[in-house]
Amino acid sequence: MRLHDLSLKTKLLVTNALMIVIPITVLVAIGAVLLGGLRHAGTLQQQALALLWPEEGQTLSVQVALSSLRAASEKRKFKLHDVERDIHVLEDAGIRVLVAAKDKDKSYLTPGSNAEEIPRIVARKCGARGSALSWDRDGLVFRYEGLRSGVIIMGAGDVPMMRGDEPPPISRDTRDFILNAALILLILTTSAGILLLGRYLARLLSAQILMPLAEMRRAAAAIQRGDLSHELPPMGGDEVGATCRAFDDMRRELARARAREEREEAQRRELFIGILHDIATPLTSIKGYASGILDGIARTPEKQRVYAERISQSAATMERLTSRLREFLRLDTDELPLTWETVSARDFLTEYIREHAPALAEDGVHLSMEKTSTSAKIRIDRSEFARILKNLWENSSKYRRGTDVHIRMSLSAEGSQLAIRCDDDGIGVDAAELPKLFDSFYRTDTARTNVAGGSGLGLAIVRRIMTAFGGSVRAEKSPGGGLCIVLLLPIASEGDMK
Numbered sequence: 012m013r014l015h016d017l018s019l020k021t022k023l024l025v026t027n028a029l030m031i032v033i034p035i036t037v038l039v040a041i042g043a044v045l046l047g048g049l050r051h052a053g054t055l056q057q058q059a060l061a062l063l064w065p066e067e068g069q070t071l072s073v074q075v076a077l078s079s080l081r082a083a084s085e086k087r088k089f090k091l092h093d094v095e096r097d098i099h100v101l102e103d104a105g106i107r108v109l110v111a112a113k114d115k116d117k118s119y120l121t122p123g124s125n126a127e128e129i130p131r132i133v134a135r136k137c138g139a140r141g142s143a144l145s146w147d148r149d150g151l152v153f154r155y156e157g158l159r160s161g162v163i164i165m166g167a168g169d170v171p172m173m174r175g176d177e178p179p180p181i182s183r184d185t186r187d188f189i190l191n192a193a194l195i196l197l198i199l200t201t202s203a204g205i206l207l208l209g210r211y212l213a214r215l216l217s218a219q220i221l222m223p224l225a226e227m228r229r230a231a232a233a234i235q236r237g238d239l240s241h242e243l244p245p246m247g248g249d250e251v252g253a254t255c256r257a258f259d260d261m262r263r264e265l266a267r268a269r270a271r272e273e274r275e276e277a278q279r280r281e282l283f284i285g286i287l288h289d290i291a292t293p294l295t296s297i298k299g300y301a302s303g304i305l306d307g308i309a310r311t312p313e314k315q316r317v318y319a320e321r322i323s324q325s326a327a328t329m330e331r332l333t334s335r336l337r338e339f340l341r342l343d344t345d346e347l348p349l350t351w352e353t354v355s356a357r358d359f360l361t362e363y364i365r366e367h368a369p370a371l372a373e374d375g376v377h378l379s380m381e382k383t384s385t386s387a388k389i390r391i392d393r394s395e396f397a398r399i400l401k402n403l404w405e406n407s408s409k410y411r412r413g414t415d416v417h418i419r420m421s422l423s424a425e426g427s428q429l430a431i432r433c434d435d436d437g438i439g440v441d442a443a444e445l446p447k448l449f450d451s452f453y454r455t456d457t458a459r460t461n462v463a464g465g466s467g468l469g470l471a472i473v474r475r476i477m478t479a480f481g482g483s484v485r486a487e488k489s490p491g492g493g494l495c496i497v498l499l500l501p502i503a504s505e506g507d508m509k
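So the number in the working numbering is just where the residue sits in the sequence shown, counting from 1, plus 11.
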């Protein structure tokens with residue numbers, strides 16, 4: 012796991028721990044190195060004494076070693092490895108040591124020494140029996156005899172108690188100055204290391220926390236200026252990174268909302284322009300025919316009747332337009348109370364076509380239902396679905412090729428949806444215009460001259476109702492050369508039928 016993927020709490024805990032643990036570890040390591048060096052050089056206690064009282068030379072170290080040897084010889088169970096360090100200290104000082112024990116594994120003789128010479132020197136100075144020690148200007152001779160262990164430790168060497176030819180020891184003031192300087196240097200070095208470590212950890216923490224927050228602050232300032240394109244760089248997996256990603260998701264959602272708002276605003280402007288244009292056309296016609304009657308152009312009763320009928324037709328066109336517009340606005344504001352029913356699509360269409368086919372046939376619109384074996388059920392509002400069918404058939408009637416138009420309804424399953432197709436043999440629509448048919452006030456006659464022929468709201472209303480049903484609608488080229496509108500509705504499950 013990378014560092015920037017850790018949680019912020021973990022980062023803070025780790026940083027604080029490092030700022031404490033690392034300095035302590037450094038100090039412990041320095042102490043361990045010093046202690047290890049002392050142990051490597053000899054007995055720790057003896058080296059410490061030599062460091063504390065260097066003016067005494069080796070005197071204290073030898074005394075401590077002699078005391079340890081005498082104590083070890085008086086123990087009931089003597090172990091050679093317990094006194095090996097003391098023996099080495101004496102040997103380093105120039106003293107030859109002999110350990111005589113009943114067990115050969117516990118016996119010892121300084122390498123290069125004569126096992127008979129050491130007892131002679133010891134006997135001459137200290138006697139042949141018992142424990143004794145002689146240490147003067149001529150050298151050091153000792154004999155320790157353990158009555159309980161039966162071990163005899165002897166040693167002899169040219170180690171005078173005092174030497175006049177040794178260089179004078181370092182003065183106390185000089186020694187104190189050196190020790191204090193070394194201590195101050197150690198403190199300064201350790202402090203500098205801690206400061207550098209703290210600075211590094213602070214910069215690391217800044218890069219993990221403060222830099223993402225600065226990026227977020229710049230993005231917020233850009234949003235405040237209206238710029239929603241300022242994208243945040245990739246962040247880690249901690250809390251700060253999650254916050255930055257949530258902020259960037261909000262920015263993208265705001266950008267999408269703005270784009271939707273701009274599209275809706277453009278559609279709204281187009282809607283108002285279409286409304287004004289489509290209302291202005293019949294109003295101009297009404298005004299013209301009314302002026303003809305008032306100005307005496309229509310003088311005969313027959314001509315006045317023709318003018319009056321045309322005024323009535325224009326008024327009826329305006330009425331249909333306002334009715335469609337009111338219906339569209341009701342759907343656009345989601346004011347569509349639905350009474351849900353689960354019905355058989357085949358039975359519903361068959362019955363509805365049988366009911367309305369005779370009246371439509373008188374106007375040249377011939378309906379037919381393709382035989383199908385599907386028994387799929389759909390969940391609809393009967394009146395609103397009837398409005399869909401009415402709008403589709405009216406659209407086919409308006410865009411017929413001649414005096415008659417044939418409409419064929421069919422059913423088929425498309426996955427979990429039921430496709431209801433409405434095919435006609437009208438004039439059809441270019442392939443490029445098919446996706447636009449369901450836009451508000453869209454008509455294939457871009458000049459919008461035939462207002463009475465259509466308002467451009469029929470198919471838009473179809474799409475709104477289908478969306479409310481949880482379905483969708485699309486337009487295709489009909490095999491007969493006309494237009495095919497495909498209604499897609501979810502097939503009702505058993506749960507929906509209850």
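Ideal placement from N, C-alpha and C gives every residue a C-beta, glycine not left out.
Note that this is a predicted model, so its numbers are computed, not measured.
Around the Cβ of residue i, are there at least 16 other Cβ atoms within 10 angstroms (buried) or fewer (exposed)?
{"i": "residue 89", "result": "buried"}
{"i": "residue 135", "result": "exposed"}
{"i": "residue 360", "result": "buried"}
{"i": "residue 246", "result": "buried"}
{"i": "residue 466", "result": "Note that residue 466 scores a pLDDT of 48, beneath 50, so its modelled location is shaky; the value from the coordinates is reported in the next line. Buried: at least 16 other Cβ atoms inside 10 Å."}
{"i": "residue 125", "result": "exposed"}
{"i": "residue 32", "result": "exposed"}
{"i": "residue 495", "result": "buried"}
{"i": "residue 493", "result": "buried"}
{"i": "residue 426", "result": "exposed"}
{"i": "residue 482", "result": "buried"}
{"i": "residue 35", "result": "exposed"}
{"i": "residue 221", "result": "exposed"}
{"i": "residue 211", "result": "exposed"}
{"i": "residue 500", "result": "buried"}
{"i": "residue 462", "result": "In this predicted model, residue 462 has a pLDDT of only 38, less than 50, meaning its place in the structure is not dependable; the value taken from the coordinates is given anyway. Its Cβ being crowded by 16 or more others within 10 Å, residue 462 is buried."}
{"i": "residue 334", "result": "exposed"}
{"i": "residue 195", "result": "exposed"}
{"i": "residue 154", "result": "buried"}
{"i": "residue 357", "result": "buried"}
{"i": "residue 391", "result": "buried"}
{"i": "residue 6", "result": "No information on residue 6 is available, as it lies outside the stretch 12 to 509 that the chain covers here."}
{"i": "residue 223", "result": "buried"}
{"i": "residue 322", "result": "buried"}
{"i": "residue 498", "result": "buried"}
{"i": "residue 305", "result": "exposed"}
{"i": "residue 328", "result": "buried"}
{"i": "residue 230", "result": "buried"}
{"i": "residue 176", "result": "In this prediction, residue 176 scores a pLDDT of 42, lower than 50, which makes its location untrustworthy; the coordinate-derived value is nonetheless stated afterwards. Under this definition residue 176 is an exposed residue."}
Give me the Cβ distance between residue i and residue j, rounded to the nearest whole Å; I'm assuming they're in contact under 8 Å.
{"i": "residue 326", "j": "residue 385", "result": "About 45 Å separates the two Cβ atoms, so there is no contact after all."}
{"i": "residue 486", "j": "residue 445", "result": "4 Å"}
{"i": "residue 389", "j": "residue 429", "result": "6 Å"}
{"i": "residue 76", "j": "residue 101", "result": "5 Å"}
{"i": "residue 3", "j": "residue 363", "result": "There is simply no residue 3 to check, as the chain begins at 12 and stops at 509 in what is shown."}
When you compare each of the options to residue i by their alpha carbons, which one comes out closest?
{"i": "residue 337", "options": "110, 501, 472", "result": "472"}
{"i": "residue 165", "options": "213, 209, 108", "result": "108"}
{"i": "residue 480", "options": "352, 371, 78", "result": "352"}
{"i": "residue 130", "options": "123, 110, 117", "result": "110"}
{"i": "residue 419", "options": "193, 379, 171", "result": "379"}
{"i": "residue 332", "options": "469, 312, 232, 427", "result": "469"}
{"i": "residue 490", "options": "502, 105, 432", "result": "432"}
{"i": "residue 79", "options": "97, 407, 302", "result": "97"}
{"i": "residue 73", "options": "105, 84, 85, 204", "result": "105"}
{"i": "residue 293", "options": "324, 304, 302", "result": "324"}
{"i": "residue 366", "options": "171, 474, 401", "result": "401"}
{"i": "residue 3", "options": "387, 383, 404", "result": "Given that the chain is displayed from residue 12 to residue 509, the structure contains no residue 3 and the question cannot be resolved."}
{"i": "residue 1", "options": "151, 133, 113", "result": "Within the shown structure, residues of the chain are numbered from 12 to 509, placing residue 1 beyond reach of any answer."}
{"i": "residue 251", "options": "271, 317, 218", "result": "218"}
{"i": "residue 383", "options": "269, 355, 208", "result": "355"}
{"i": "residue 488", "options": "440, 99, 448", "result": "440"}
{"i": "residue 169", "options": "226, 103, 244", "result": "103"}
{"i": "residue 450", "options": "474, 443, 309", "result": "474"}
{"i": "residue 330", "options": "232, 299, 300, 290", "result": "290"}
{"i": "residue 152", "options": "163, 376, 132, 253", "result": "132"}
Q | Touch test, the segment 128-140 against the segment 87-104, Cβ-Cβ under 8 Å, three pairs minimum | A | By the C-beta criterion, the segment 128-140 is judged not to be in contact with the segment 87-104, since fewer than 3 inter-stretch pairs fall below 8 Å.
Continuous beta strand (DSSP E) assignments of at least 3 residues falling wholly in the segment 356-422: Look at the segment 356-422 and you find these whole runs of beta strand (DSSP E), each 3 residues long or longer: 376-380, 388-391.
Should the segment 258-271 be called in touch with the segment 234-242, which here means at least 3 C-beta pairs below 8 Å?
Judged by Cβ distances under 8 Å, the segment 258-271 makes contact with the segment 234-242, as three or more pairs qualify.
Checklist entry - Does the segment 433-448 come close enough to the segment 407-422 that 3 or more CB-CB pairs lie under 8 Å? => result Output reads yes: the segment 433-448 touches the segment 407-422.
Inter-stretch contact at 8 Å, needing at least 3 Cβ pairs: the segment 199-206 / the segment 147-165: A contact between stretches requires three or more CB pairs, one per stretch, nearer than 8 Å, and the segment 199-206 fails this requirement with the segment 147-165.
| Enumerated in chain order, which unbroken segments of the beta strand (DSSP E) with a length of 3 residues or greater are wholly contained in the segment 199-243? | Counting whole runs of 3 or more residues, the segment 199-243 contains no beta strand (DSSP E) stretch at all.
* **Inside the segment 77-155 only - alpha helix (DSSP H) runs reaching at least 4 residues** => The DSSP assignment places complete alpha helix (DSSP H) segments of no fewer than 4 residues inside the segment 77-155 at 95-103, 128-137, in order along the chain.
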